[in-house]
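Structure, as structure tokens:
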Amino acid sequence: MAKQTRPHFTLGAGYPSMERTARITLRPGREAAALRRHPWVYSGSIRSVEGAAEPGALVTVHDAGGSFIAWGQYSSQSQIRVRLFCWSEDARPHTTEFWRQRLQRAIDLRDSLRRDPLTNAYRLVYAESDGIPGLIVDRYGDALVVQFLTAGADRASVLYTDLLMELTTPRTIYERSDTDVREHEGLGASGGLLRGADPEPITEIVENGLSYLVDIRNGHKTGFYLDQRENRRRFRDLAMAAAPQGEMLNVFSYTGAFTVCGLAAGIASAVNVDASSEALALGRQNIALNRLPVEHVDDVAGDAFEVLRRIRRQGRQFDLIVADPPKFAFTQRDVPRATRGYKDINLQAIHLLKPGGLLFTFSCSGAISEDLFQKIVFGAALDTGRDVQIVGRLTQGCDHPVALTHPEAAYLKGLICRAVS
Ligand code: SAH
112 MAKQTRPHFT
122 LGAGYPSMER
132 TARITLRPGR
142 EAAALRRHPW
152 VYSGSIRSVE
162 GAAEPGALVT
172 VHDAGGSFIA
182 WGQYSSQSQI
192 RVRLFCWSED
202 ARPHTTEFWR
212 QRLQRAIDLR
222 DSLRRDPLTN
232 AYRLVYAESD
242 GIPGLIVDRY
252 GDALVVQFLT
262 AGADRASVLY
272 TDLLMELTTP
282 RTIYERSDTD
292 VREHEGLGAS
302 GGLLRGADPE
312 PITEIVENGL
322 SYLVDIRNGH
332 KTGFYLDQRE
342 NRRRFRDLAM
352 AAAPQGEMLN
362 VFSYTGAFTV
372 CGLAAGIASA
382 VNVDASSEAL
392 ALGRQNIALN
402 RLPVEHVDDV
412 AGDAFEVLRR
422 IRRQGRQFDL
432 IVADPPKFAF
442 TQRDVPRATR
452 GYKDINLQAI
462 HLLKPGGLLF
472 TFSCSGAISE
482 DLFQKIVFGA
492 ALDTGRDVQI
502 VGRLTQGCDH
512 PVALTHPEAA
522 YLKGLICRAV
532 S
């Protein structure tokens, strides 16, 4: 898919019409989820669309009797036909002020992170969780990286960008809407500079007092796995307590952020495994940047499924293992295949633990529930014949909140497992 670059917008250029363009009526009996404030209305629940609903346009949703339920943004292509964001009929979502308040609320909710002198990178806006469907904003120091993931967010992109500029005065706002999920919305990939100065080729950030290099233009997602911030801290604390001078294995290491934490905690050596040699190379720079011993770290570029088997044949074991694979399940259909993938990784990883060693194992697939993930790890442990305990449970950081009305926003889950013997 060709990556498009948005035109460079200027303030006051005007926004696509934010007026309501259509009225959506649900089929009888299909209003329960919307009344419980679940933000997604599926196409099958809709009886009629009155008016010319343009992609991303503002709509109102009504029950079969005509009563107002909520305001939403329309997606003509997606099975999720409307994303609801406001249940108050007299709200004014066609105004700039409404969205200014929404964005300000999201920003204010991260105030403790903003004031944290040891961290300057975190998620500023997390889409439906913050009542702004499809909008992701990640802060990397004075750079904002945004994703417009739905037709509604795409349509309001200039408005959102203007408001982010006004409310946070960043040095740059850069778009990374180059993700496949936009295809469901009938949108292509889009990216590039939206406002301010071009981002540095590499941006330096601080997280929990450690420094990392982030490639905003080409890195994964928006550049860095911000969702693991609290888990990296936990890892560092446990590494310090449980395995000083220990040996660490970081599988699916990306730019080695967990390894930096391990070295900062005083571990003796680490092995990073990742399919991307660019990520591994940036990982080495991250270690050097924190004045930690690069010579104590080995990089293995390759397929983790094979590399772990190779390491096992060598008879090596580790005190600490982190296994943080990419998303294996994108939909419910992928769950059986993903389950096999997670089981294999965990099976190999548990074999590679020294007695008493700790495994931080993750799944970022929303379609794999916490419960299923635990069962997968249980199955893996059983096959190794080792006794394994859960000593901790992990999830995405507090800047990736989950509205109780929208549990689908919870995707990252992890277990801290200990090989008893
Ligand atoms: N824990 C990391 C994030 C890991 S993201 C952090 O804290 O930053 C997942 C990583 O898995 C990516 O870097 C990707 O390049 C890598 N990857 C994907 N498939 C892989 C495979 N089959 N073998 C090894 N690495 C793989």
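First residue of the sequence shown: 112, per the numbering used here; consecutive thereafter. We put the CB at the ideal spot given by N, CA and C, even for glycine. Keep in mind it's a predicted model, so treat the numbers as computed, not measured.
Check                                                                                                                           : Outcome
Terminal residues of the alpha helix (DSSP H) in which methionine 276 lies                                                      : 268-279
Stretch pair the segment 283-297 + the segment 214-226: three plus CB contacts closer than 8 Å                                  : no
Through-space distance from valine 408 to alanine 530, alpha-carbon basis                                                       : 24 Å
Local Cβ density within 10 Å of glutamine 425, reported as buried at 16 or more and exposed below that                          : exposed
Contact test: histidine 331 Cβ vs the ligand SAH heavy atom, cutoff 7 Å                                                         : yes
Distance between beta carbons of isoleucine 191 and arginine 213, contact taken as under 8 Å                                    : Not confirmed; about 19 Å, so no contact.
Alpha-carbon spacing of alanine 390 relative to asparagine 401, whole angstroms                                                 : 17 Å
Identity of the residue in Phe259, Ser364, Gln339 and Leu419 nearest leucine 298 by Cα                                          : Phe259
C-alpha distance - serine 548 paired with tyrosine 522, whole-angstrom precision                                                : Because the chain here runs from 112 to 532, residue 548 falls outside it and cannot be looked at.
Sequence-ordered residues whose beta carbon comes within less than 5 Å of a heavy atom of the ligand SAH                        : Tyr336, Gln339, Phe363, Tyr365, Ala368, Asp385, Ala386, Ser387, Ala390, Asp414, Ala415, Asp435 and Pro437
Alanine 144 versus phenylalanine 439: straight-line alpha-carbon distance, rounded                                              : 28 Å
Through-space distance from alanine 133 to glutamate 311, alpha-carbon basis                                                    : 43 Å
Pairwise C-alpha distance: arginine 234 and alanine 514                                                                         : 15 Å
Sufficient close CB pairs (3 or more, under 8 Å) joining the segment 500-509 to the segment 440-457                             : no
Alpha-carbon spacing of valine 384 relative to arginine 216, whole angstroms                                                    : 40 Å
C-alpha distance - aspartate 309 paired with threonine 207, whole-angstrom precision                                            : 27 Å
The segment 412-429 in contact with the segment 356-366 per 3-pair CB rule at 8 Å                                               : yes
Alpha-carbon spacing of arginine 194 relative to glycine 377, whole angstroms                                                   : 47 Å
Inter-residue CB distance, alanine 262 and tyrosine 185 (contact presumed, cutoff 8 Å)                                          : 7 Å
Same chain, Cβ closer than 8 Å to threonine 442, neighbours up to 5 away in sequence not counted                                : Ala478
Nearest candidate by alpha-carbon position, reference alanine 520, set Glu161, Ala350 and Gln507                                : Gln507
Neighbour-count burial assignment, leucine 122, 16 or more Cβ in a 10 Å radius                                                  : In this prediction, leucine 122 scores a pLDDT of 36, lower than 50, which makes its location untrustworthy; no coordinate-derived value is stated.
Close Cβ partners of leucine 137 (< 8 Å) along its chain, the five nearest in sequence each way excluded                        : Ala145, Val152, Ser156, Ile157, Arg158, Val172, His173, Asp174, Ala175 and Ile180
Exposure of histidine 119, with buried meaning 16 or more beta-carbon neighbours within 10 Å                                    : Here the model assigns histidine 119 a pLDDT of 39, short of 50, so the residue's position is not dependable, and the following value carries that caveat. By the 10 Å Cβ count, histidine 119 comes out exposed.
Assigned secondary structure, tryptophan 210 (DSSP; H/G/I helix, E/B strand, else coil)                                         : helix
Close Cβ partners of leucine 229 (< 6 Å) along its chain, the five nearest in sequence each way excluded                        : Asn319 and Gly320
C-beta atoms of isoleucine 327 and alanine 264 nearer than 8 Å                                                                  : no
Buried or exposed by the 16-neighbour rule on C-beta atoms within 10 Å, applied to alanine 163                                  : exposed
Status (buried if at least 16 other CB within 10 Å, exposed otherwise) for threonine 472                                        : buried
For tryptophan 198: DSSP bridge partner residues                                                                                : DSSP lists no partner for tryptophan 198.
Cβ neighbours of glycine 334 in the same chain (closer than 7 Å, five flanking residues each side left out)                     : Tyr251, Val256, Val325, Asp326 and Ile327
Sequence-distant residues of the same chain with beta carbon closer than 7 Å to glutamine 459, five excluded per side           : Leu419, Arg420 and Arg423
Local conformation of aspartate 542 per DSSP, three classes                                                                     : An answer regarding residue 542 cannot be provided, because it is not within the stretch 112 to 532 covered by the chain.
Terminal residues of the alpha helix (DSSP H) in which leucine 419 lies                                                         : 415-424
Residues of its chain near methionine 276, where Cβ-Cβ distance is below 6 Å and the 5 sequence neighbours each way are ignored : Arg306
Which of helix, strand or coil DSSP assigns to glutamine 215                                                                    : helix
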